[in-house]
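Input: a single structure, listed below in structure tokens.
Protein chains in written order, with this note's numbering: chain A, 39 to 498; chain B, 39 to 498.
This is the structure:
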């Protein structure tokens, strides 16, 4: 038995049918040649029949979704395997479109909080001798970074390794944890807030003042970087989600960053901003002011003596008001440079209060569910999670892509998270079905934005 | 715009994540030979691209799931087709097991009440050159009988008919309605209660007295036919469902009924009772007292002058306390004969009050959600719906089976509904996943019960 801390508990209160608080991953495997059906069947049998559960896969809430008492994790010694592990298939032709549709649907359904809150779906019928694995887990257990680490238990860097087991049956290794993933999940925000040292009640009271100021047009208390409302900041109407993906060659993005004398993250923002500009313009929803993105960043504080980086946060322009590609990129570069300089000028002790100042309204929006009725702090969170660096395998099947599938909150109807893996950068777009019709175009436009930038930077 | 009546509105209040109030059908098609993939693709394209919607497919609630004002149906002129029509596939080998698993899952998810509350899923990958169609619709729009009629709009008795359209695009025909289907849906119960002429409030007050009496062990007010609690009468813990099917040759069942000198319905009860006895005994949950079933029946009232039958209701023993097949069948026969004699002795004017006496506690259990905390009125509802009599086709594909998928309420963790179609009788078993592990065995045992009875009645 383990009590949930304040942060974890908060996900249970925020959970609703329209805003379920689970996150996921989508793994694509290239199967060994000539062994498609056999490999899928063997993997299904392996996953279905492996019924030992390491923490946290065996934990459920004592009280289910009721949250009538103090929530705590208890071990479930009677896990209904066929509920948690599911075997699905794509209709023909089994392409990226059919996969996106299925994952969108699977991600739209709430987890059953009377059980250990996770599901794993093995998906057959993916064209090109491939197979997919979609996992979901409640955010009260994992965030994006730890979710990827949990899943990684099942992989090996050795293509010849066999007798490998599903992730839930493998206890955590003793290896020291790597640096925290740079994912600005709601969970990470609350953790940061908590580390500020204030009590929960006092914190909430302070935060509420910010929210009140954002609602009061005449307030003198200015929330910095207040963004304009956009189509991305609507209330989440229902549970239905859209999910789309885009995979890049990491080397190509790095080359572009060198050519443009900017960071890899600037290129990521450029691709997102360029695609968002085109997407919103098409539906006549582009705002005059540039969209802004909240971005988790590593900074070296001003008083740092080499002990290490700190995770902080900045808000940057996505340049969506600018038509010319190079001018747009320059605006993004300038915006992130200034943001980072400001962060680096702060002593370590000031980083958390600074973060809180920016993030407070956003957090209260989530906690109270009033999101989308206040002005947004920023228009979208774009996270860049550092994933596994070496190519991974599962019983000889090569992990070809690893996409993050994220959660939405009221006022944040689109999430873009990138996950680096080996020599690829994997974008996952998670959006509200009602607010963002044709969202899959965003992924397409992001891809085309790269080609356009390459042509502009390196004219033939 | 159309106001919902009291009955329809009640489904919105009863709706919860654990007890979603939608019902469904599962149609199995035998495809034209040599045209599997092509036929499936053409049907998907046809369904996806037919975007005209006849009533009630185009109706949604004015207020979604909130029910803050008086609910009414409004026409939705911006229907998100890709939400309502879905193309799914079965994993290999694509047998009845894989189909049952998928339909169980699809039936477990709540409908989005912000949209017209229906979904249609075309399922490919079914072995034996077949295809399946699963439909779901909210009970505030249809009951079992009208749901089958709605779906039937898409079929023809002509195997050569082509250019056929999906059910949602076909307006209701002008044909007079056939006799009401004999399905004892909650909806039908409320309709009957309403036709009793009492106002809603007075009715509810009267009903509540019955419920109080069932809770008070010392009460002198006896609810007739009060059943023992059984595994079938537990509270519904979560939304997860199990679904299983069994198809019989209608001629074979009729022959058995003739051989045993009983009704077709007696054979249905025998098959259910025999399977339930074996199923509950295996898990050591068989009660000493026989399980009882609530059964909708057509009766000719005592004062009827040939104007027609009336829909009424009786409670019968399922003989689950009896080991010998023929003695068990005899007990069921005696039970239904006496029940029917009692009903037939009543004048037409007394039928509804009599029904109310039996059904009141059940209805209040549903309305108030206190089901499973009172003694059950009966252990299970077994309905027998009269479906289409002639073989049906859709663009040349033969409808081979048509199964009902039903809803559960607290205290009613298993539903068995049979639907006759052409020369078949199609059983749909819908159960609570948590209360009824291995529920698919029930369907298997029901099949084996037929063979056993045939052997006993017609020894070789």
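Glycine included, each C-beta is placed from N, C-alpha and C at the ideal position.
For residue 163 of chain A, the chain B residues whose Cβ falls inside 9 angstroms of its Cβ are 127, 129, 130, 163, in order along the chain.
Residue range 330–337 is occupied by the beta strand (DSSP E) that includes residue 335 of chain A. Taking 8 angstroms as the Cβ-Cβ cut-off, the segment 67–78 of chain B approaches chain A at 75, 78, given in chain order. Not flagged as an interface residue toward chain A: residue 286 of chain B, since no C-beta distance is shorter than 8 angstroms.
Taking each of A/124, A/100, A/167, A/436 in turn and checking the Cα distance to residue 459 of chain A, the smallest one comes out for A/436.
Rounded to whole angstroms, the Cβ separation of residue 377 of chain B and residue 369 of chain B is 12 angstroms, and the two are not in contact under 8 angstroms. Nearest to residue 278 of chain A by alpha-carbon distance, out of B/463, B/278, B/152, is B/152. Residue environment analysis places residue 385 of chain A among the exposed positions, since fewer than 16 neighbouring C-beta atoms fall within 10 angstroms of its C-beta. Here residue 114 of chain A really is in contact with residue 98 of chain A; their C-beta atoms are around 4 angstroms apart, less than 8 angstroms. With its beta carbon less than 8 angstroms from one in chain A, residue 471 of chain B belongs to the interface. The beta-carbon distance between residue 160 of chain A and residue 132 of chain A, rounded to whole angstroms, is 14 angstroms. This is too long to meet the 8 angstroms contact definition. Residue 96 of chain A has its alpha-carbon roughly 36 angstroms from the corresponding atom of residue 72 of chain A. Looking from the CA of residue 331 of chain B, the closest CA among B/351, B/362, B/417 belongs to B/417. In summary, residue 478 of chain A is buried, with 16 or more beta-carbon neighbours lying within 10 Å of its beta-carbon over all protein chains present. Here residue 285 of chain A carries a strand assignment [DSSP, helix/strand/coil].
Contact note: residue 417 of chain A does not reach chain B at a C-beta cutoff of 8 angstroms; the least C-beta distance is about 24 angstroms.
Within chain B, not a single residue places a beta-carbon under 7 angstroms from that of residue 98 of chain A; the smallest gap is close to 12 angstroms. The straight-line gap separating the alpha-carbon atoms of residue 269 of chain A and residue 298 of chain A is approximately 30 angstroms. Residue 420 of chain B is a Cβ neighbour of residue 306 of chain B, given a cutoff of 8 angstroms.
Interface annotation, residue 147 of chain A: in contact with chain B, CB-CB separation under 8 angstroms.
Taking a Cβ-Cβ cut-off of 8 angstroms, the neighbours of residue 121 of chain A in chain B comprise 278, 471, given in sequence order. Listed along chain A are 276, 277, 278, each with a C-beta nearer than 8 angstroms to that of residue 150 of chain B.
The alpha-carbon separation between residue 363 of chain A and residue 491 of chain A amounts to approximately 7 angstroms. Under the DSSP assignment, residue 371 of chain B falls in the alpha helix (DSSP H) whose first and last residues are 363–382. Between residue 83 of chain A and residue 208 of chain A, the CB-CB gap reaches or exceeds 8 angstroms. The shortest CA-to-CA distance from residue 445 of chain A to any of A/375, A/280, A/200, A/318 is the one to A/280. Taking C-alpha positions only, residue 169 of chain B is separated from residue 168 of chain A by approximately 24 angstroms. It is roughly 5 angstroms from the alpha-carbon of residue 127 of chain A to the alpha-carbon of residue 129 of chain B. Leaving aside the five residues that flank residue 360 of chain A on each side, the residues in its chain whose CB is nearer than 7 angstroms to its CB run, in chain order, 366, 369. In terms of Cβ geometry, residue 294 of chain A and residue 314 of chain A do not form a close pair [threshold 8 angstroms]. With a beta-carbon spacing of about 18 angstroms, residue 158 of chain B and residue 425 of chain B fall beyond the 8 angstroms limit used to define contacts. Distance between residue 196 of chain A and residue 430 of chain A, taken at the CA atoms: about 7 angstroms. Between residue 122 of chain B and residue 150 of chain A, the alpha-carbon positions lie close to 23 angstroms from each other. Residue environment for residue 382 of chain B: exposed (fewer than 16 other C-beta atoms within 10 angstroms of its C-beta).
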